[in-house]
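To start, the structure itself, in structure tokens.
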Amino acid sequence: MSWKGREQVGSCTQDNLIAGSRHPLDICQVVIKAGQNLKRGTLLEEDTEAGKYVIRGTNTDAELEYILADDVDATAEDTVGTAYRSGEFAENALIVKEKYEITEKDRKTLRNAGIFLNQVML
3 MSWKGREQVG SCTQDNLIAG SRHPLDICQV VIKAGQNLKR GTLLEEDTEA
53 GKYVIRGTNT DAELEYILAD DVDATAEDTV GTAYRSGEFA ENALIVKEKY
103 EITEKDRKTL RNAGIFLNQV ML
């Protein structure tokens with residue numbers, strides 16, 4: 003028996019972003035502002051240019067709404083990406099701008115939007 007032609011098509015690695023199933027996951031499409039290369043798990047805030055999103059910590063007065071569901075390379079132009087708008091996530095797996103820390107106000111805003119954060123051992 004020959005196995006020629008078998009190849010690995012993809013792989014899956016656990017990132018521990020999703021922290022539970024008590025709250026339903028819901029996704030939507032968002033526009034990621036140009037000039038960013040963001041990874042899955044990035045906490046998104048609305049940019050000063052309405053309707054576009056950037057990594058949390060860019061403008062700390064901005065509204066928090068989403069967590070990026072997949073990697074998005076928007077370095078050259080605005081790019082549509084998939085984001086979670088509800089669910090239960092590991093706070094320590096979230097990505098924010100360097101030197102920014104998630105605040106209690108952030109947690110409350112996310113909770114009111116349907117995003118619940120927990121501390122999970124990674």
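Per the numbering used here, the very first residue in the sequence shown carries number 3; after that it's consecutive.
Every residue gets a Cβ at the ideal spot worked out from N, C-alpha and C, and that includes glycine.
What you are looking at is a predicted structure, and each value in this text was computed from that prediction instead of being measured.
Ranking Y102, L112, A78 by CA distance to the CA of I69 puts L112 first.
Burial check for A78: the Cβ neighbour count within 10 Å stays below 16, so the residue is exposed. In the same chain as A95, and ignoring 5 residues on each side of it, the C-beta atoms closer than 6 Å to its own belong to N18, L19, G43, in chain order. Its chain contains V98, K99, Y102 as the residues whose beta carbon lies nearer than 6 Å to that of G59, once the 5 sequence neighbours on both sides are disregarded; these appear in chain order. Nearest neighbour of T84 by Cα position, chosen from E93, L66, A71, I34, turns out to be A71.
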